[in-house]
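Beneath this line is the structure, given in structure tokens, with notes to follow.
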Amino acid sequence: MSSVTGQESSNAPPVVEMRGIVKRFNQTVALNGVDLTVKRGEVHAIVGENGAGKSTLMHILAGLIHPDRGQIALNGQPVTISSVESAYAHGIAMVHQHFMLLSSLSVAENLTLGKEPTRRGLFDRIAAAQAVINLGQRYNLVVNHAAKVADLSVGDLQRLEILRALYRGAEILILDEPTGVLTPQEAQGLFRVIRELKRDGKTTIFISHKLEEVLEISDSITVLRDGHVTGTLVTSQTTAPEIARMMVGREVFLKFDKPQITPGKPVLECVELCGPGVQQATFQVRANEIVGIAGVAGNGQSELADLIAGLLPSTAGTVKICGQDVTQASVSARRITGFANVPEDRYKHGLAAQGSVSDNLLMGVHDKPPLSRHGLLDLKAIANRAVELIKSFSIKTEKPASRASTLSGGNAQRIVIARELADNKPFILVAQPTRGIDIAASEFVREEILKRRNDGAGVLLISADLSEVISLSDRILVMYDGRIIGELPAAEADETRLGLLMAGIREETTNASKTA
Amino acid sequence: MPAIFDVALLASTIRLFTPILLAALGGMFTSRAGIFNVALEGMMLFGSFFGVVGVFWTGSAYIGLALAVLSATIVALIFGFFVIQFKGDATIIGLAINILALGLTTYTMRLIFGVTGGYYDPNLQGLPNITIPIISDIPLLGQVVSGHSIIVYAAFVIVGLAYIFLFRHPVGLHLRAVGENPQAAGSLGIHVKRVQYLSVILCGMLCGLAGAQLSISIVTQFVEGMTAGRGFIALVAIMFGQAHPVKILGASLLFGLAYAASLRLQGGAIPTQFVAMLPYVATILVLIGTRLRPRQSSTT
Ligand SMILES: Nc1ncnc2c1ncn2[C@@H]1O[C@H](COP(=O)(O)OP(=O)(O)OP(=O)(O)O)[C@@H](O)[C@H]1O
Ligand SMILES: [Mg+2]
Numbered sequence: 003m004s005s006v007t008g009q010e011s012s013n014a015p016p017v018v019e020m021r022g023i024v025k026r027f028n029q030t031v032a033l034n035g036v037d038l039t040v041k042r043g044e045v046h047a048i049v050g051e052n053g054a055g056k057s058t059l060m061h062i063l064a065g066l067i068h069p070d071r072g073q074i075a076l077n078g079q080p081v082t083i084s085s086v087e088s089a090y091a092h093g094i095a096m097v098h099q100h101f102m103l104l105s106s107l108s109v110a111e112n113l114t115l116g117k118e119p120t121r122r123g124l125f126d127r128i129a130a131a132q133a134v135i136n137l138g139q140r141y142n143l144v145v146n147h148a149a150k151v152a153d154l155s156v157g158d159l160q161r162l163e164i165l166r167a168l169y170r171g172a173e174i175l176i177l178d179e180p181t182g183v184l185t186p187q188e189a190q191g192l193f194r195v196i197r198e199l200k201r202d203g204k205t206t207i208f209i210s211h212k213l214e215e216v217l218e219i220s221d222s223i224t225v226l227r228d229g230h231v232t233g234t235l236v237t238s239q240t241t242a243p244e245i246a247r248m249m250v251g252r253e254v255f256l257k258f259d260k261p262q263i264t265p266g267k268p269v270l271e272c273v274e275l276c277g278p279g280v281q282q283a284t285f286q287v288r289a290n291e292i293v294g295i296a297g298v299a300g301n302g303q304s305e306l307a308d309l310i311a312g313l314l315p316s317t318a319g320t321v322k323i324c325g326q327d328v329t330q331a332s333v334s335a336r337r338i339t340g341f342a343n344v345p346e347d348r349y350k351h352g353l354a355a356q357g358s359v360s361d362n363l364l365m366g367v368h369d370k371p372p373l374s375r376h377g378l379l380d381l382k383a384i385a386n387r388a389v390e391l392i393k394s395f396s397i398k399t400e401k402p403a404s405r406a407s408t409l410s411g412g413n414a415q416r417i418v419i420a421r422e423l424a425d426n427k428p429f430i431l432v433a434q435p436t437r438g439i440d441i442a443a444s445e446f447v448r449e450e451i452l453k454r455r456n457d458g459a460g461v462l463l464i465s466a467d468l469s470e471v472i473s474l475s476d477r478i479l480v481m482y483d484g485r486i487i488g489e490l491p492a493a494e495a496d497e498t499r500l501g502l503l504m505a506g507i508r509e510e511t512t513n514a515s516k517t518a
Numbered sequence: 004m005p006a007i008f009d010v011a012l013l014a015s016t017i018r019l020f021t022p023i024l025l026a027a028l029g030g031m032f033t034s035r036a037g038i039f040n041v042a043l044e045g046m047m048l049f050g051s052f053f054g055v056v057g058v059f060w061t062g063s064a065y066i067g068l069a070l071a072v073l074s075a076t077i078v079a080l081i082f083g084f085f086v087i088q089f090k091g092d093a094t095i096i097g098l099a100i101n102i103l104a105l106g107l108t109t110y111t112m113r114l115i116f117g118v119t120g121g122y123y124d125p126n127l128q129g130l131p132n133i134t135i136p137i138i139s140d141i142p143l144l145g146q147v148v149s150g151h152s153i154i155v156y157a158a159f160v161i162v163g164l165a166y167i168f169l170f171r172h173p174v175g176l177h178l179r180a181v182g183e184n185p186q187a188a189g190s191l192g193i194h195v196k197r198v199q200y201l202s203v204i205l206c207g208m209l210c211g212l213a214g215a216q217l218s219i220s221i222v223t224q225f226v227e228g229m230t231a232g233r234g235f236i237a238l239v240a241i242m243f244g245q246a247h248p249v250k251i252l253g254a255s256l257l258f259g260l261a262y263a264a265s266l267r268l269q270g271g272a273i274p275t276q277f278v279a280m281l282p283y284v285a286t287i288l289v290l291i292g293t294r295l296r297p298r299q300s301s302t303t
């Protein structure tokens with residue numbers, strides 16, 4: 003009914019007003035007197051470094067945790083949000099950084115769980131399916147209602163989470179790093195949905211580390227640092243460097259020098275490598291070289307990484323690491339040959355969330371000197387390593403023995419990156435190295451990767467972030483439909499040339515392009 | 004030697020498989036709610052004992068049945084209290100309940116009945132056998148289907164009800180959600196603890212019925228540790244039946260058949276000790292088979 007455009011008359015009370023919010027976990031002060039004001043119908047971005055308290059603040063608004071101090075008012079009315087249910091009752095719903103879906107249930111069951119339609123006391127499947135269809139049509143969020151959640155793509159999972167919030171009657175939608183797991187194309191789809199919601203008068207609170215996205219989609223911005231608000235900005239009147247300065251407290255240089263080095267011996271050689279989703283990949287990565295792989299997600303990059311890591315069996319061709327044929331070798335044999343792997347999905351394949359930070363920093367190298375001697379773990383060496391890595395990669399944790407699951411999203415990611423980059427392995431495979439990581443830390447991670455390359459390592463970099471690929475790589479390979487269809491020296495690469503190759507233009511194919 | 008497979012064998016299979024089926028259905032609820040319950044054995048044993056106590060005190064088999072259900076439910080709530088409220092390790096607490104059940108029933112038997120080992124009184128009247136009109140007159144079928152206690156017929160009805168509850172009722176959906184991911188379920192406003200308590204209560208009630216079928220239905224007597232591992236066999240039936248009511252029915256029938264066959268073969272050419280092993284050997288074989296089979300997600 004309302005024709006809200008985000009600039010409603012300024013005397014209407016803000017839809018969300020949080021005052022002096024304090025939250026501590028044991029010794030960690032996650033929020034130290036935070037104020038947040040969100041206007042009705044706007045898209046409000048919350049930015050800040052890893053561990054700044056963004057997720058914690060939103061968990062409080064969504065009723066998942068309770069603040070130690072502070073007040074919340076909605077539309078000018080003071081409220082206590084005591085539980086998720088009471089948040090829902092106030093029209094607040096949150097889509098989490100880690101999805102809260104039940105994979106053995108169907109889409110329709112997940113959508114309605116907790117507020118099921120019933121007929122004669124029993125779950126009404128038809129009405130639930132109809133709800134998926136109706137809401138989907140209204141907001142352009144199409145998900146197959148009969149599918150099992152286990153079979154959905156990440157994009158679908160996210161659409162389902164948003165649908166569920168809408169099904170619950172959300173007026174205020176909280177999205178915690180929604181684009182972290184999406185391809186740039188999927189992210190554009192999400193932004194269309196957010197604009198649709200805005201047209202409908204709904205308010206969106208959006209957390210992201212990608213400043214271009216924040217500038218594109220938001221109306222106003224709150225910047226957090228170390229549990230404090232360091233800035234509230236109107237998007238149309240600010241710039242990326244200004245936001246970055248407020249986040250980090252200093253200038254951030256999004257460029258770095260890359261000394262020219264002549265590459266050395268090959269550390270990775272793939273010859274006609276074939277496997278599920280990958281066809282005849284032939285290429286090399288040499289010492290002192292970063293080779294980037296560009297491509298629209300779903301064109302075989304993840305599968306190529308898994309084939310090289312030994313997580314997927316190859317059907318033909320060979321893989322050599324440091325001159326040794328490892329085509330048939332196990333994952334651990336490949337690692338011993340001299341291979342480090344920063345996997346794409348670090349929560350699933352890189353972390354033991356219930357393990358301690360120091361154990362997570364040790365996995366994979368635990369059985370070799372200096373961490374283990376005479377078959378026993380050297381606890382002192384392990385503790386030293388943990389302290390050192392926590393410091394150099396600025397992993398924000400209470401103590402090395404804290405569980406990995408208590409860390410903020412980005413800090414958990416850093417554990418994996420620190421572990422894999424710590425030992426000077428001659429060949430490093432990195433997938434999406436800066437996903438979910440704040441800008442200052444991304445800068446640091448990129449510098450570390452570059453440093454390894456300068457020190458003699460060969461790096462294969464897979465990233466959905468084109469500017470990252472262009473700025474870091476020495477050579478860029480483009481994958482399309484499971485094949486490597488082009489190669490460019492980084493100096494000659496720009497987004498247009500790469501974009502054409504990524505769309506499969508070089509090959510004279512008339513096939514319809516692959517739809518993921 | 005008489006033929007092994009005949010109508011009488013099937014009838015006795017039905018009597019013998021009922022306790023396993025009921026306990027397994029009970030354990031299915033807790034396992035669907037994310038609690039691995041090894042205390043089925045102990046809960047059944049409480050049911051068996053208090054069933055006999057109820058009959059002894061009041062002379063009414065139905066009051067005995069009620070007392071069996073009540074006592075097992077109370078024990079289940081104690082189990083639930085430690086596991087759900089205090090987040091204790093379910094396996095350890097379950098084993099403690101089993102040990103408690105054995106010790107307490109043995110001791111109390113001495114107090115109430117003044118006997119050790121077992122209590123049997125021919126004057127005690129257990130649950131009557133129900134003759135189903137018409138069907139009982141059909142040859143063969145009548146012998147298998149008719150003439151069981153009310154618990155046997157209830158068990159079949161419960162299979163259907165459990166199916167509807169789990170897969171068609173909203174609370175059943177909550178139960179499955181809590182078992183799969185309590186955090187996600189909680190984030191949707193489902194009361195995780197409440198749902199888990201419900202599963203524990205249902206489990207206790209069904210174990211009580213199972214215990215009563217053992218002690219006040221076929222014969223009316225209590226013997227020390229008379230559940231004899233049936234609670235654990237029920238656990239295997241849950242795994243084999245993928246915590247699905249209809250599949251659990253099938254698995255329990257298999258074990259019931261093994262029991263009936265072992266009774267039938269006793270006194271034959273094979274030494275009794277080996278014959279008596281039959282149900283347990285069948286369980287181990289099934290367990291190995293279940294483990295070897297590639298894991299698949301349970302479905303409706
Ligand atoms: N359950 C918990 N137990 C202990 N500490 C916690 C817990 N949850 C969060 N913290 C701490 O609170 C601080 C803020 O965490 P929060 O998750 O809000 O950060 P964030 O801004 O969302 O970061 P990111 O960008 O990395 O996701 C961190 O130092 C984190 O370690
Ligand atoms: Mg976060």
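Protein sequence lines, in the order shown, are assigned to chains A and B. Each residue of the first sequence is one higher than the one before, starting from 3 at the first, in the numbering used here. Each residue of the second sequence is one higher than the one before, starting from 4 at the first, in the numbering used here. Glycine is no exception: its CB is placed at the ideal position from the N, C-alpha and C atoms. Quantities reported herein were computed from a predicted structural model and do not represent experimental measurements.
Runs of alpha helix (DSSP H) with 4 or more residues, each lying fully within the segment 337–382 of chain A, are found at 348–351 and 359–364, listed in chain order. Relative to ligand 2, even the nearest heavy atom lies 7 angstroms or more away from the CB of A:K117. Identification of chain A residues near B:S190 by a Cβ-Cβ cut-off of 7 angstroms yields L66, V86 and M102, ordered along the chain. Under the DSSP assignment, A:E218 falls in the alpha helix (DSSP H) whose first and last residues are L213 to I219.
When DSSP states are grouped into helix, strand and coil, A:V36 belongs to the strand group.
Residues of the same chain with a CB within less than 6 angstroms of the CB of B:S15, apart from the 5 flanking positions on each side, are A263 in chain order. At least one beta carbon of chain B lies nearer than 8 angstroms to the beta carbon of A:F125.
Using a CB distance cut-off of 8 angstroms, B:P185 does not count as an interface residue toward chain A.
Shown here for A:A149: same chain residues with a beta carbon closer than 6 angstroms to its own, the five before and five after excluded, namely V109 in chain order. Residue state for B:V278 is assigned as helix, using DSSP reduced to three classes. For A:D259, the closest C-alpha among the options A:Y482, A:E390, A:E449 and A:R499 is that of A:E449.
With respect to the 8 angstroms criterion, A:K398 and A:S410 are classified as neighbours on the basis of their beta carbons. For A:S360, the distance from the CB to the nearest heavy atom of ligand 2 is not below 7 angstroms. When 8 angstroms is used as the limit between beta carbons, B:L176 is near these residues of chain A: L107, E111, L115, E118 and F125, in chain order. The alpha-carbon of B:A157 is positioned some 20 angstroms away from that of B:V55. Near chain B, meaning a CB-to-CB distance below 9 angstroms, the residues of the segment 149–178 of chain A are K150, A152, R166 and R170. When only Cα atoms are considered, A:F395 and A:D425 end up about 14 angstroms apart. Residue range F429 to A433 is occupied by the beta strand (DSSP E) that includes A:V432, with no alpha helix (DSSP H) assigned at that position.
Listed along the chain, the chain B residues whose CB falls inside 7 angstroms of the CB of A:Y90 are G192.
For A:E494, no alpha helix (DSSP H) segment is defined, and its DSSP state is neither H nor E. Taken from the Cβ of A:D126, every heavy atom of ligand 2 lies 7 angstroms or farther away. When C-alpha distances from A:E44 are compared across A:S222, A:S465, A:K117 and A:D37, the shortest belongs to A:S222. Sixteen is the threshold: when 16 or more other Cβ atoms of the shown chains lie within 10 Å of the Cβ of A:V471, as they do, the residue is buried.
Judged by pairs of C-beta atoms under 8 angstroms, the segment 18–30 of chain B touches the segment 235–246 of chain B, as three or more such pairs exist.
If you draw a straight line from the Cα of A:I487 to the Cα of B:F32, it is about 54 angstroms long.
The Cβ of B:R171 sits closer than 8 angstroms to at least one Cβ of chain A.
By the Cβ-count criterion, A:H376 is exposed, with fewer than 16 other Cβ atoms from all chains shown falling within 10 Å of its own Cβ. For B:V10, the secondary structure class from DSSP, reduced to helix, strand or coil, is helix. The beta carbon of A:D153 sits no closer than 7 angstroms to any heavy atom of ligand 2. Rounded to whole angstroms, the Cβ separation of A:A172 and A:A95 is 4 angstroms, and the two are in contact under 8 angstroms. Under the three-state reduction of DSSP, A:T82 is assigned to coil, being neither helix nor strand. With fewer than 16 other Cβ atoms from the protein chains shown falling within 10 Å of its own Cβ, A:D496 counts as exposed.
A:A75 carries a strand assignment under DSSP once its states are collapsed to helix, strand and coil. In terms of Cβ geometry, A:A32 and A:G157 do not form a close pair [threshold 8 angstroms].
For B:T109 and B:V222, the gap between their C-alpha atoms comes out near 19 angstroms. At a cut-off of 7 angstroms, the beta-carbon of A:Q99 counts as near ligand 2: some heavy atom of the ligand is closer than that.
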